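Trainee: Residue numbers (the numbering used here): 98 to 209. First the structure, which I've put down as structure tokens, then a few questions once you've had a look.
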């Protein structure tokens, strides 16, 4: 996903994973990339359709081990939004379009 963001010209997008696998997606690795790129501010967003307790605790929580806290400890002003992608209107429209296309495909495959 990181490579695709870069290919599309989004050099200011850094993709990480809570579990840090592969290693270049760990919180520490992402912080290093953000700092190396010269940024002092970061917007943290989950790449999940639905963001619940996991995103709230591990990403945007106030505990020292949350991504937001770790970014701030590294000197990066971090704002975080725990909304899942499913709460974004544009993503909802894409999702509905894909479901409609899939349904048409299934219906067409049954027509013989």
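Backbone N, C-alpha and C define an ideal beta-carbon position, used for all residues, glycine too. Model, not experiment: these values are computed from the prediction.
Find out if the Cβ-Cβ distance for the pair residue 128, residue 173 is shorter than 8 Å.
Mentor: To locate residue 128, count along the chain shown from 1; it is residue 31. To locate residue 173, count along the chain shown from 1; it is residue 76. Going by C-beta atoms, residue 128 is nearer than 8 Å to residue 173.
Trainee: Out of curiosity, what's the CA-to-CA distance linking residue 189 and residue 169?
Mentor: Residue 189 sits at position 92 when you count from the first residue of the chain shown. Residue 169 sits at position 72 when you count from the first residue of the chain shown. Rounded to the nearest angstrom, the two C-alpha atoms are 31 Å apart.
Trainee: If we call anything under 8 Å between Cβ atoms a contact, is residue 141 one with residue 102?
Mentor: The residue you call residue 141 lines up with position 44 of the chain shown. The residue you call residue 102 lines up with position 5 of the chain shown. No, the Cβ-Cβ distance between residue 141 and residue 102 is not below 8 Å.
Trainee: Beta-carbon within less than 6 Å of residue 179's beta-carbon, same chain only, minus the 5 sequence neighbours each way: which residues are those?
Mentor: Along the chain shown, one-based indexing puts residue 179 at 82. 148, 152, 153, 157, listed in sequence order.
Trainee: Which residues does DSSP list as the beta-bridge partners of residue 141?
Mentor: Start at 1 with the first residue of the chain shown, and residue 141 comes out as number 44. In DSSP, residue 141 forms a bridge with 177.
Trainee: Could you tell me the boundaries of the alpha helix (DSSP H) in which residue 159 lies?
Mentor: One-based indexing of the chain shown puts residue 159 at position 62. It is not in any alpha helix (DSSP H) - residue 159 carries neither H nor E in the DSSP assignment.
Trainee: Please report the Cβ distance between residue 122 and residue 112, rounded to the nearest whole angstrom; I am assuming they are in contact, meaning their Cβ atoms lie under 8 Å.
Mentor: Here residue 122 corresponds to residue number 25 of the chain shown, with the count starting at 1. Here residue 112 corresponds to residue number 15 of the chain shown, with the count starting at 1. Contact holds; Cβ gap of about 6 Å.
Trainee: When you compare the CB positions of residue 177 and residue 165, do they come within less than 8 Å of one another, or not?
Mentor: Translated into positions along the chain shown, residue 177 becomes position 80. Translated into positions along the chain shown, residue 165 becomes position 68. Yes, the pair counts as a contact, with Cβ atoms nearer than the cut-off.
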